[in-house]
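First to last, the protein sequences are chains W and R. Each residue of the first sequence is one higher than the one before, starting from 1 at the first, in our numbering. Each residue of the second sequence is one higher than the one before, starting from 1001 at the first, in our numbering. Okay, so here's the structure we're looking at.
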Amino acid sequence: MILEQDDLPAAWLKTMLIIKKPEYESLRRHGEETYPYECCGALLGTFRESDRVVQQIVRCGNTRDDRPQDRYNIDPRELIAIQRQAAQQELEIVGFYHSHPDHPAQWSQTDLAEAHWIGCSYVITAVVKGAANLTNSFALLGESEDDKRFEREEITVEAIVEDQSVCH
Amino acid sequence: MSLKVSIPTPLRRYTDGHGVIEVSGGSVASALESLLQKYPVLKKQLYTDDGRLRSFVNVYLNDEDIRYLQKADTAVKAGDTISIVPSIAGGNLVVG
């Protein structure tokens, strides 16, 4: 039996992306706001063993003015500024996100060919007719350009829990 | 002359986890050579077998792309920062 990627049981997935609900919703909303064009941004956080814990998302501009509906590119100068910002907060760039307008939330050959941040997460949100649909995260694994590969990982969305402690 | 090289997340596994490395040199080329002397394993990640910088590796001196300066011959001064930035790009179309 062949399983579609989306049907893989969570237990089969080797790595995890942990993100708080406001950041998760914000990156999905970003794709709706730029529809029918692709959005893109960076994920800042920390590495925890094989997982990535997102503390902040940073929205970026898509420099692919020639075909923004199916391509994205982040200006390296923007990345340098983000890297500096991350270091000041003792965070690291742990991944990136982008949207696929009217296309599945699956990585494409273009995504893999142009992915070079091994060890980071690449989050893709399908935006269907302007509304955010499925969001998937793929860890870019491997040792080098020669054997890099995407593996889907579990996304754990953490709700912000208000402090409900009561003094008796 | 001492300057810094900013290492991106995916290459930090080759620099003992350090994000900033102090190097010496009078040009971008000699500064990167100084980096490779400290961490030789980085060479394969940054350069092709015939010694050219990989096409997806952007090198910036402070906020300027060295491709628009004098490339590897660009002069550096104390306190400068060289940033190594692998590109971030992609898009949909053919599903993998």
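In this text, a Cβ means the ideal position worked out from N, Cα and C, and glycines have one as well.
Only buried fits Val-58 of chain W, as 16 or more other CB atoms lie within 10 angstroms of its CB. Assigned with DSSP and collapsed to three states, Ile-19 of chain W falls in strand.
Neighbours of Cys-120 of chain W in chain R, taken as residues whose beta carbon is under 7 Å from its own, are Thr-1009, Pro-1010 in chain order. A Cβ-Cβ distance of about 6 Å is found for the pair His-98 of chain W and Ile-124 of chain W, placing them in contact under the 8 Å criterion. DSSP, read as helix, strand or coil, puts Ile-1066 of chain R in helix. Two segments are said to touch when three or more pairs of C-beta atoms, one from each, lie closer than 8 Å; by this definition the stretch 31-48 of chain W touches the stretch 124-134 of chain W. Listed along chain W is no residue with a C-beta nearer than 8 Å to that of Asp-1080 of chain R; the closest approach is about 13 Å. Proximity to Glu-153 of chain W across W:Val-161, W:Thr-135, W:Ser-144 peaks at W:Thr-135, based on C-alpha coordinates.
Going by C-alpha positions, Leu-1011 of chain R is about 21 Å away from Met-16 of chain W. Cys-60 of chain W and Ile-80 of chain W do not touch by the CB rule: their CB atoms are close to 12 Å apart, not below 8 Å. In this structure Ile-160 of chain W is exposed. Its beta-carbon is surrounded by fewer than 16 other beta-carbon atoms within 10 angstroms.
By the CB criterion at 8 Å, Arg-64 of chain W and Tyr-72 of chain W fall inside the cutoff. Here the stretch 1018-1026 of chain R makes no contact with the stretch 45-57 of chain W; the two share fewer than three CB pairs at distances below 8 Å. Residue contact with chain W for Ile-1088 of chain R: present (Cβ-Cβ distance below 8 Å to some residue of chain W). Residues of chain R with a Cβ closer than 9 Å to the Cβ of Ala-87 of chain W are, in chain order, Ser-1006, Gly-1019, Val-1020. Ala-86 of chain W: member of the alpha helix (DSSP H) spanning 76-88, first to last residue. When DSSP states are grouped into helix, strand and coil, Ala-1072 of chain R belongs to the helix group.
Contact with chain W is found for Lys-1044 of chain R, since one of that chain's Cβ atoms lies less than 8 Å from the residue's Cβ.
DSSP, reduced to helix, strand and coil, places Gln-56 of chain W within a strand of the structure shown. In the three-state scheme derived from DSSP, where H, G and I count as helix and E and B as strand, Asp-1080 of chain R is classed as coil.
Contact note: Ser-1055 of chain R does not reach chain W at a C-beta cutoff of 9 Å; the least C-beta distance is about 10 Å.
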